[in-house]
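Enquirer:
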Amino acid sequence: MYSVCKAVHNKYMKKGATHSQKTKKLLRDVISTLYKTDLTYRKRVSAATKKAMKKPDTLKKLSIARKGKPRMGDPANWKHTKATKEKLRISATLQNSQYWKNKRFSKKHRKQLSISHMGKASARKGVSLSKITRLKLSKSLTGRKMSAATKEKIRLGNTGKTVSKETCKKMREWHIKHPNKKFSNTKIEQKVASELERRGFIRNEDFFQNFGISEIKNVDFYLPKSNVIIECDGCFYHACPEHGNPNYHQSMSAIDVKNTILLEAAGYNVFRFWEHAINKDTRKCLKIIK
Ligand SMILES: [Zn+2]
């Protein structure tokens, strides 16, 4: 296209002659329409102009003039500058999750982060997971065992940490509201419940099983009419003197005594029965309860 234009131009134009303003405008219009429709059309640029175009302030002016306009030339020939390529490479790396895997911040950076996060709520706070995600998590976490080293780390991280009285109270209330299902309605509890029912006590009326005594503990049985509390202590977990293992749960008896004192101070009549006694003769055990 350009060569045709040039041939026509050479044929009709005298050397040294100049276009009138009107012709110049016409030509400009023709060139601009050509420029828009024919992408292969290239404006020839002299070496001097090329050199001038490389000057930083010229480049800046050009970049300002081109802002918002479609890019020139064939997209196949577009090339990034070295700096842009580097920028693109970095951004692609940072977006790659593999890059962050096993990445550790320096001690200083971690300290800074910890300071900057102080007093701020966790970014994940209040984010509720979907049912499916929760199911997946629970599936992936079941049967997972912590190594001894991890346990030791957690223990060390927790030593010296103290919980405020308010938190302590909240935790106790939470445990009362959410009893451990593993230890509720055990075989001995079932035996005691059936014995109570045999004697004419009505469930959830005369006696309550797994009843939360506010701010103290979750008790096995509560008989509201006589204000009686029945606790069934497993021989192993509560470290019975006859059947308990000297290596396990030896501190439980102290906790049991403390809870009994607390409950009695609150005005309840507490009866504790050992697993072996209930298994031997449930009727005989419960004889004292009227
Ligand atoms: Zn025992």
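Using this note's numbering, the letters of the sequence shown map in sequence onto residues 221 to 510.
The beta-carbon is built from N, C-alpha and C at its ideal position, and this holds for glycine as well.
On a predicted model such as this, the values are computed, not experimentally measured, just so you know.
(1) At the level of alpha carbons, what is the spacing between residue 306 and residue 316?
(2) From the DSSP output, in three-state form, read off residue 277 for me.
(3) Leaving aside the five residues before and after residue 454 along the sequence, list all residues of the same chain whose C-beta is less than 6 Å from its C-beta, in chain order.
(4) For the segment 266–342, which segments carrying the alpha helix (DSSP H) assignment without a break, of at least 4 residues, lie completely within its bounds, in sequence order?
(5) In the DSSP assignment, the beta strand (DSSP E) including residue 439 goes from what residue to what residue?
(6) Decide if residue 398 is buried, meaning its Cβ has at least 16 other Cβ atoms within 10 Å, or exposed.
(7) Based on the DSSP output, what are the partners of residue 479 in its beta bridges?
(8) Taking C-beta to C-beta, are residue 435 and residue 389 nearer than 8 Å?
(9) Can you tell me whether residue 523 sits near ligand 1, meaning its C-beta is under 7 Å from at least one heavy atom of the ligand?
(10) Compute the Euclidean distance between the alpha carbons of residue 488 and residue 394, then round it to the nearest angstrom.
(11) If you count every other CB in all the chains shown that lies within 10 Å of the CB of residue 440, and 16 or more means buried, which is it?
(12) Could you compute how far the alpha carbon of residue 429 sits from the alpha carbon of residue 336?
(13) Buried or exposed for residue 416, going by 16 or more other Cβ atoms inside 10 Å?
(14) Just the residues with CB closer than 5 Å to a heavy atom of ligand 1, in chain order, which are they?
(15) For my contact list, residue 498 and residue 438 are in at a C-beta cut-off of 8 Å; report their separation, rounded to the angstrom.
(16) Measure the beta-carbon distance from residue 491 to residue 475 and round it to whole angstroms, keeping in mind my assumption that it falls under 8 Å.
(17) DSSP on residue 430, reduced to helix/strand/coil?
(18) Between which two residues does the beta strand (DSSP E) holding residue 492 run?
(19) Less than 8 Å between the C-beta atoms of residue 309 and residue 298, yes or no?
(20) Cα separation between residue 318 and residue 312?
(21) Between 392, 427, 284, 507, which lies nearest to residue 493 when the distance is taken from Cα to Cα?
(22) The alpha helix (DSSP H) with residue 509 in it runs from where to where?
(23) Give me the Cα-Cα distance between residue 280 and residue 269, rounded to the nearest whole angstrom.
(24) Is residue 420 buried or exposed, if buried means 16 or more other CB atoms sit within 10 Å of its CB?
Expert: Taking the coordinates as given:
(1) Whole-angstrom Cα-Cα distance: 16 Å.
(2) helix
(3) 495
(4) 267–273, 276–286, 302–315, 317–320, 327–337
(5) 437–443
(6) exposed
(7) Its beta-bridge partners do not exist; DSSP assigns none.
(8) yes
(9) As shown, the chain starts at 221 and ends at 510. That puts residue 523 outside it, with no answer to give.
(10) 22 Å
(11) In the assembly as shown, residue 440 is a buried residue. Its beta-carbon has 16 or more other beta-carbons within 10 Å.
(12) 49 Å
(13) buried
(14) Residues with their Cβ less than 5 Å from any non-hydrogen atom of ligand 1, running along the chain, are 455, 460, 462, 463, 494, 496.
(15) Actually they do not touch by this definition, with Cβ atoms about 19 Å apart.
(16) Contact doesn't hold; Cβ gap of about 17 Å is too wide.
(17) strand
(18) 489–494
(19) Their beta carbons are not under 8 Å apart, which means residue 309 does not touch residue 298 by this criterion.
(20) 11 Å
(21) It is 507 whose Cα lies nearest to the Cα of residue 493.
(22) If you look at residue 509, you'll find it isn't in any alpha helix (DSSP H); DSSP assigns it neither H nor E.
(23) Rounded to whole angstroms, residue 280 to residue 269 spans 15 Å at the Cα level.
(24) exposed
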